[in-house]
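Input: a single structure, listed below in structure tokens.
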Amino acid sequence: MSNILFLKYIGIDKDLMIEILNTKLPTDKRLVKVLTLIYGINKQKSYEICQKIGLNQNKKLNACSTKQLNFLKKYIENHYKNETSYNLYKKIKFKIDMLITLKTYRGMRHKKRLPVRGQRTRSNGRTQKKMKNASYRGE
């Protein structure tokens, strides 16, 4: 097997899983659904990826050949690496931390764990208020 594609047996029932961008993907589901499990790829992007590569969107991942899977992995890593997974998470976290350090209104709302986008807090936002005691960014 090439080192581009990592096939592993995971779990008690020995389901075959494929790893793309540090995300383990189940092989028993449709290709479009599986690609949305990668952080940063939504349904629309997964349809675009399938169309550009030329794979059937309704095809299950275990029905694809290793050559197709290698090509899929290379394509995603080359075209979407900066927009997905850990890089996207880091970018979003950096922007939130920047708002907190600049002491903007949104930054203070993030720091206090209150709703940021204008939602009311008198009657709603209970979950945010309950979670307020947990340690959070910038504290």
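For this note's numbering, add 327 to where a residue sits in the sequence shown, where the first one is 1. Glycine included, each C-beta is placed from N, C-alpha and C at the ideal position.
In angstroms, rounded to a whole number, what distance separates the CA positions of D340 and K387?
-> With a pLDDT of 37 at D340, under the threshold of 50, the modelled position of that residue is not reliable, and the figure given next carries that caveat. Spanning the two alpha carbons is a distance of roughly 18 Å.
Under the three-state reduction of DSSP, which class applies to T350: helix, strand or coil?
-> strand
Cβ neighbours of T350 in the same chain (closer than 8 Å, five flanking residues each side left out) | L364, I365, Y366 and S412
I423 to V443 span [Cα, whole Å] | 11 Å
Boundaries (first-last residue) of the alpha helix (DSSP H) holding Q378 | Annotation for Q378: the continuous alpha helix (DSSP H) segment containing it runs K370 to I380.
Check whether the Cβ atoms of T354 and I347 lie closer than 8 Å to each other.
-> no
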